[in-house]
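Comments concern the structure below.
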Amino acid sequence: REPALTDVAQQFKEDTGISIAYDEDVNDNNEYFTKIRPNLSQGDGIGRDGFVLTDWMASRLINQVDPPWVQEFDEAKSLVERELTHLRRHAHKLPDRVEVGTMVEVPSLLYQLDELIERVDFLSVGSNDLVQFLYAIDRGNTRVADRFDAISAPVLRALRDIADMGHKHKKPVTLCGELASKPVGALALVALGYRSLSLTPSAMGPVKAMLLDLDAAKAEAMLRPLINKPSGSVSIRKQLEEFAAAEGLQL
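Take 2 as the starting number for the sequence shown in our numbering and just add one per residue.
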């Protein structure tokens, strides 16, 4: 029989040192990663009044919770604790620890990381939305889909700052989104210090093959100086591809 995805993920971590997340319903169009996404071309958005968390919903979120804004974090955490207290009072079995963290997918949070990091147990970067919000481009609009590159200095600097903040404060930082499902994207993320990625099932083989041959320290030494200075006429993506070719990595 084919191995279960949980077995594949465990073997992936043992072989590469990289944790991966997946969903059995994920397809190669990354529909699993497409949640409520504002249509930037029409100016739609999801604000505080557009998010409803009922008591029943809160009682189901006993593994992790991802409130989206710093000013709401304490309120959300209090709500979770209230529901946990209710469940304890009614003799429900609870986990030993409930970790409360946040998705980082709104650029404003990049300027509040110092406030946020003291409150959270973990950070999870939502790369799909973070990229489109940084560029103010609707990634679902095919007319502008080629106007931005997720492997570019602005995005990589943002991802670097998030990873560095987590490491400095010893808080786990994971990445949720389609960026890691391409070997070149996984290469960039590992070079920036990410060790927990989300992949589509079909990406596990190619990404794992690349990681097994990758010298992460060498990749970091190559990439970090590139994103600290103007990239010039040669794109960072191109330079990563040249690095991979020189190292014999399959992208």
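Virtual Cβ for every residue (Gly too), placed ideally from N, Cα, C.
No experiment lies behind these values; they were computed from the predicted model shown.
Non-local C-beta neighbours of residue 136 in its own chain, meaning closer than 7 Å and more than five positions away in sequence, comprise 149, ordered along the chain. Excluding its 5 nearest sequence neighbours in each direction, residue 197 has C-beta neighbours in its own chain below 6 Å: 20, 175, listed in chain order. Assignment of residue 105 by DSSP, reduced to helix, strand and coil, places it in the strand class.
Note on residue 239: under 16 other CB atoms within 10 angstroms of its CB, so exposed under the neighbour-count rule. Around the beta carbon of residue 89, fewer than 16 other beta carbons lie within 10 angstroms, which makes this residue exposed.
Within the same chain, 250 come within 6 Å of residue 214 by CB-CB distance, once the 5 residues on both sides are set aside. By the C-beta density criterion, residue 183 is buried, having at least 16 other C-beta atoms within 10 angstroms. Going by DSSP, residue 21 is part of the beta strand (DSSP E) stretching over 20 to 22.
If you draw a straight line from the Cα of residue 179 to the Cα of residue 95, it comes to about 32 Å. Restricting attention to 171, 156, 145, the CA atom closest to the CA of residue 106 is found in 156.
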